[in-house]
Amino acid sequence: MSPKSKKLFNIIVLGIAFMFMFTAFQTCGNVAQTVITNLNNTNFHGSGYTSMAIIYGVFSASNLISPSVVAVVGPQLSMFVSGLFYSIYIAVFIQPFTWSFYTASVFIGIAAAVLWTAQGNCLTINSDENTIGRNSGIFWALLQSSLFFGNLYIYFAWRGKTHISESDRRTVFIALTVFSLVGTFLFFLIRKPEESNTLEEEVSSTDESIVDNSSVQSKATRAVDAFKRSIKLYFTKEILLLSVTTAYTGLELTFFSGVYGTCIGAVNRFGTEEKSLIGLSGIFIGIGEILGGGFFGLVNKDNRFGRNPVVMLGIVVHFIAFYLIFYNIPNDAPIASFEGTDNSAYMNPSKELAILCSFLLGLGDSCFNTQLLSILGFLYSEDSAPAFAVFKFVQSICAAIAFFYSNYLLLQWQLLIMAVVGFFGTISFFTVEWEAAAFVARGSDYRSI
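Numbering (my numbering), first residue to last: 15 to 463.
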């Protein structure tokens, strides 16, 4: 297998492994609050929103140390160990207790930081300036296909049910735990990419004994250096501007992955299909993600206009979705009780319109994330782990904030916050992209990205 083929193989395996893991985790997040409100165990007092707030809060703080962990352990082993913690969190729902639920939320927050930093590093070392856009699209399409498979199962398993029984819950989460473990072990199929530079090979073989004798010191040095680079990177102009865009992706991640499904499941006017519609909503979010990631990633190589048109499309699609959701879904749906809500918005709630909005949320999200992955991998190709750690730090802290206020804010205010941050995030991205084009024009060929 040629070096280029091996790198493409690694990207595909990486995407498939994440597909299995997040078939479990994203489906878990989509139904968590609904499952919790249907628990018969009166000793359980947890909240799905609070759990997600803890996860993303710890996630954001852990991104300060995750580059050091990846530098010492390596991306492959980092992703494997992180995957085990994801599986433990999902397994907690088989027989949930409040203490185990929130404890697992803390540990998965740490694991998530290491996982996504390692993923960004793995994506970058298996890409170059000509393939980073394509590989970002392939990975994103495979990752988000997880929304399709997991929620398809939820749709058929819960179809026609207005209450989720103990048996229903256990069956679903045992299956999801198995899926997560399969994805975790797939990381061992990723191969170390070969370098074609023979000079590097000669230097490597010459210095092999030196490296062996000072391996502990070398690892400690790499860990400290990675931490220092992360801190410095936080305050660069490009990262500060991209942080506004990244903040928006954190807010809308919370909305489509945890809040919107809960809103649909709380609308009593949808009848006996309200719970299965949560799964159908997730399916169409996944379809939007897959189409967006596949199309914009694979055709990115021939895009003469850079990344800005894709991001512009993403914000327009999201604004349309926000307006339709505001018009269709009752304002109290995110914070409705176990009985749901009988209220209506500005029209009788439409199942078809609700599912269309799911598709639009997924499509818009893929526009932003594929382009953020692409521009980060391009600008920081020589120092990818700290850059992706910063990206996930900002995204996760905003997701944590959004999950926290989702316990209290009506739907209209949540939509307004996303619209305002999304507008400024788009402007910030445009600014970085224009400057990146000017910078690369003096060096490599930007249009080949």
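Glycine residues also receive a C-beta, built at the ideal position from the N, C-alpha and C atoms. Remember, it's a predicted structure, so these values are computed and weren't measured experimentally.
Between the CA atoms of residue j and residue i - distance to the nearest angstrom
| i | j | result |
| --- | --- | --- |
| PHE32 | GLY197 | 6 Å |
| SER388 | SER179 | 43 Å |
| LYS18 | ILE329 | 34 Å |
| ILE441 | SER65 | 32 Å |
| ALA118 | SER364 | 37 Å |
| PHE121 | TYR100 | 9 Å |
| GLY308 | ALA105 | 31 Å |
| GLY147 | ILE50 | 39 Å |
| GLN426 | THR260 | 22 Å |
| SER354 | TYR63 | Looking at the sequence provided, one finds Gly at residue 354 rather than Ser. Looking at the two C-alpha atoms, the distance is approximately 16 Å. |
| GLY60 | TRP113 | 9 Å |
| SER141 | LEU156 | 17 Å |
| LEU424 | ALA350 | 10 Å |
| GLU214 | LYS246 | At GLU214 the pLDDT is 39, less than 50, meaning the model places this residue with poor confidence; the figure from the coordinates comes in the next sentence. Approximately 28 Å, taken between the alpha carbons. |
| VAL281 | GLY43 | 19 Å |
| GLU143 | THR41 | 34 Å |
| GLY306 | ASN57 | 43 Å |
| PHE36 | SER194 | 7 Å |
| LEU203 | PRO89 | 13 Å |
| THR268 | PHE392 | 27 Å |
| PHE418 | MET15 | 48 Å |
| ASN149 | ASP356 | 46 Å |
| LEU28 | SER358 | 43 Å |
| LEU161 | GLY439 | 25 Å |
| GLY378 | HIS332 | 6 Å |
| LEU255 | ASN52 | 42 Å |
| PHE310 | VAL404 | 24 Å |
| TYR262 | MET361 | 28 Å |
| ASN211 | LYS21 | Below a pLDDT of 50, predicted positions are generally treated as unreliable, and ASN211, at 42, falls in that range; the measurement from the model is reported next regardless. Distance between the alpha carbons of ASN211 and LYS21: 15 Å. |
| MET326 | VAL435 | 14 Å |
| SER395 | ALA416 | 31 Å |
| ILE30 | LYS251 | 34 Å |
| ALA401 | SER80 | 11 Å |
| ILE431 | VAL238 | 37 Å |
| ILE25 | TRP130 | 14 Å |
| PHE199 | LEU98 | 9 Å |
| ARG205 | LEU429 | 43 Å |
| ARG183 | PHE382 | 33 Å |
| ILE139 | PHE201 | 15 Å |
| ILE152 | PHE94 | 21 Å |
Cβ separation of residue i and residue j, assumed to be a contact under 8 Å, to the nearest whole Å
| i | j | result |
| --- | --- | --- |
| SER74 | ILE411 | 3 Å |
| THR48 | ILE253 | About 37 Å; that fails the 8 Å criterion. |
| ARG321 | GLN385 | 4 Å |
| PHE187 | PHE107 | 4 Å |
| ALA132 | SER92 | 4 Å |
| ILE304 | SER159 | 5 Å |
| SER96 | ALA67 | Contact doesn't hold; Cβ gap of about 20 Å is too wide. |
| ASN165 | ILE297 | 5 Å |
| ALA335 | LEU294 | Between LEU294 and ALA335 the Cβ distance is about 16 Å, and since that is not below 8 Å, they are no contact. |
Start-to-end residues for the alpha helix (DSSP H) that takes in residue i
| i | result |
| --- | --- |
| HIS59 | Where HIS59 is concerned, there is no enclosing alpha helix (DSSP H), given that its DSSP letter is neither H nor E. |
| LEU327 | 322-342 |
| GLN90 | 89-105 |
| TRP113 | 112-139 |
| PHE39 | 17-51 |
| LYS365 | 365-393 |
| TYR262 | 251-268 |
| GLY197 | 180-200 |
Residue(s) in a DSSP beta bridge with residue i
| i | result |
| --- | --- |
| VAL281 | THR355 |
TODO: Scan the region 141-178 and note each continuous alpha helix (DSSP H) run of 4 residues or more that stays entirely inside, going in chain order.
DONE: 146-171
Write down every uninterrupted run of the alpha helix (DSSP H) in the region 415-458 whose length is 4 residues or greater and which is fully enclosed by it, in chain order.
425-455
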